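Reviewing the structure listed below.
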Amino acid sequence: MSEKIKMTTPLVELDGDEMTRILWGWIKELLLEPFIELKTEYYDLGLRERERTRDEVTRAAAEAIKHHGVGVKCANITPNSERMTEYGLSALYKSSNATIRAALDGTVFRAPIICKGITPYIPNWQKPITIARHAFGDLYKGTEFSIANEMRGAKVELVVTRPDGQTSSAVVNDFNIKGSETGIAQGIFNTDSSIESFARACMNFAIDTRQDLWFGVKDTISVTYDRRFRDIFEEVYQQSYRQQFEDLGIEYFYSLIDDIVARVIRSNGGFIWACRNYDGDVMSDMVATAFGSLAMMTSVLVSPQGQYEFEAAHGTVQRHYYQYLKGERTSTNSTATIFAWSGALRKRGELDGLPELVSFANRLEAATLATIEQGVMTGDLYALSGLQQKRKVDTRDFLLEVVKNLASGS
Ligand code: NAP
Ligand code: MG
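Set out below in structure tokens:
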């Protein structure tokens with residue numbers, strides 16, 4: 023074999039949990055290390071290490087991405103109360119993704135990986151739909167109260183204290199009006215600067231990829247909060263992007279979120295759908311599933327300063343991990359995780375002027391798609407594929423088939 027490809031700047035590597043952690047190791051062993059002198063700065067975001075470091079490791083990883091510019095992340099567990107017991111956690115750590123997104127103030131772009139033989143559930147979706155998810159604020163930085171026990175019957179107010187100390191307040195709900203009620207309350211926020219950088223990121227990406235940009239919020243109901251998103255998008259578009267969009271013949275299109283959802287279903291794809299944080303979280307899973315499999319969705323977080331974090335859009339595939347631990351064959355599809363690595367290596371190659379690394383990333387993607395198009399696939403795709411000749415392989419055998427294609431250059 024010819025000499026391995028060299029890297030100059032380390033890639034920030036964020037390891038994760040469960041089945042995706044197994045995949046991570048195999049991808050490095052079989053697809054990367056034989057071809058590249060892999061240079062990474064490693065952070066273990068597996069739950070045990072997060073517990074050991076009281077989650078300092080996540081914050082350090084986010085800083086490292088800011089410093090080096092490109093990261094690649096394995097899926098990891100967002101703990102809930104069951105995970106707290108399972109891993110003996112001392113705190114319910116926030117989602118690593120939320121911490122990293124907040125640190126980078128980035129926008130997440132998710133696009134399906136399309137290959138021959140896998141037709142979307144919505145047959146008119148002939149081109150990819152890229153979801154741009156605003157990765158800052160709203161629910162993910164929310165503050166919540168359970169109005170129960172000693173809080174029962176409480177009056178919930180929103181108090182805004184100005185820098186000069188003056189306050190304004192509004193009653194959110196008085197839980198005592200109809201007798202001492204129990205319930206829930208939540209406070210959320212966003213910042214004009216983050217919404218503006220979200221709008222700019224979406225418009226830049228639309229220009230880069232020459233696609234229309236669609237955006238919708240619920241500004242008929244949320245006349246201040248959601249309306250602010252609509253107004254900022256409109257201002258940014260009119261002031262900085264309108265001319266470029268018109269020159270390229272692409273469109274910025276705003277409508278109520280309900281109307282956008284209806285139009286997305288009827289569309290042929292081929293546009294960017296800008297979504298607020300929660301909408302993007304939910305709709306990206308819907309779009310990924312409709313295009314075939316969650317394992318066929320790429321995801322990249324782009325900060326306004328041009329830092330990138332690549333990952334697969336799916337989680338740690340817990341059910342498969344328990345099968346793996348029992349020594350059973352698993353059908354975990356590694357495509358999105360491979361594309362996270364190829365995306366990160368390509369970007370590193372572009373930034374560092376390493377054409378061999380860029381070309382390797384392209385060949386790795388081509389070899390992965392060629393494997394599926396040759397009819398060799400994991401169970402999730404086997405169930406969807408319209409190919410006449412197809413063969414179901416397990417997680418590791420799929421990677422071994424990709425290696426064959428990569429080594430032979432097909
Ligand atoms: P998940 O890991 O995405 O898996 C849900 C189901 O989707 C799987 O059971 C499997 O279906 C299918 N699936 C997902 N990825 C697949 C792949 N690569 N190949 C084949 N099938 C795949 O979601 P989850 O089970 O809700 O979450 C598990 C853990 O992941 C949770 O602890 C959650 O916090 C975490 N999570 C992390 C991230 C992240 O780090 N980015 C994102 C989401 C969730 P079948 O079982 O039917 O085969
Ligand atoms: Mg989601």
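Be aware that the sequence shown starts at 23, since it is given in this note's numbering, and climbs by one per residue.
Ideal Cβ positions, reconstructed from N, Cα and C, are used throughout, including at glycine.
Predicted, not measured: the structure shown is a model, and the values here were computed from it.
Taking Cβ positions, are residue 233 and residue 294 nearer each other than 7 Å? yes
Candidates 393, 222, 366 and 227: closest to residue 257 by CA position: 222
Between residue 402 and the ligand NAP, is the CB less than 6 Å from at least one heavy atom? yes
Boundaries (first-last residue) of the beta strand (DSSP E) holding residue 208: 205 to 209
Can you tell me where the alpha helix (DSSP H) holding residue 225 begins and where it ends? 214 to 231
CA-to-CA distance, residue 284 to residue 444, given in whole angstroms: The question about residue 444 has no answer, for the chain in this structure spans 23 to 432.
Is any heavy atom in the ligand NAP found nearer than 6 Å to the beta carbon of residue 337? yes
Does at least one heavy atom of the ligand NAP sit under 6 Å from the Cβ of residue 98? yes
Which residues in the same chain have their Cβ closer than 8 Å to the Cβ of residue 399, if we skip the five residues on either side of it in sequence? 355, 393, 407, 412, 413, 414, 415 and 420
Sort out for me which residues DSSP pairs residue 164 with in a bridge. Note: residue 164 sits in no beta bridge, so no partner.
Contact between the segment 100 to 117 and the segment 52 to 66 (3+ Cβ pairs under 8 Å): no
DSSP three-state assignment for residue 377, whether helix, strand or coil: helix
Is there at least one non-hydrogen atom of the ligand NAP closer than 6 Å to the beta-carbon of residue 129? no
Measure the beta-carbon distance from residue 333 to residue 321 and round it to whole angstroms, keeping in mind my assumption that it falls under 8 Å. 5 Å
For residue 20, the first and last residue of its enclosing beta strand (DSSP E): Within the shown structure, residues of the chain are numbered from 23 to 432, placing residue 20 beyond reach of any answer.
When 27, 361, 342 and 359 are compared against residue 352, the one with the closest alpha-carbon: 342
Under 6 Å from any heavy atom of the ligand NAP, does the C-beta of residue 119 make it? yes
Less than 8 Å between the CB atoms is what I'm expecting for residue 129 and residue 157, so what's the real figure, rounded? 6 Å
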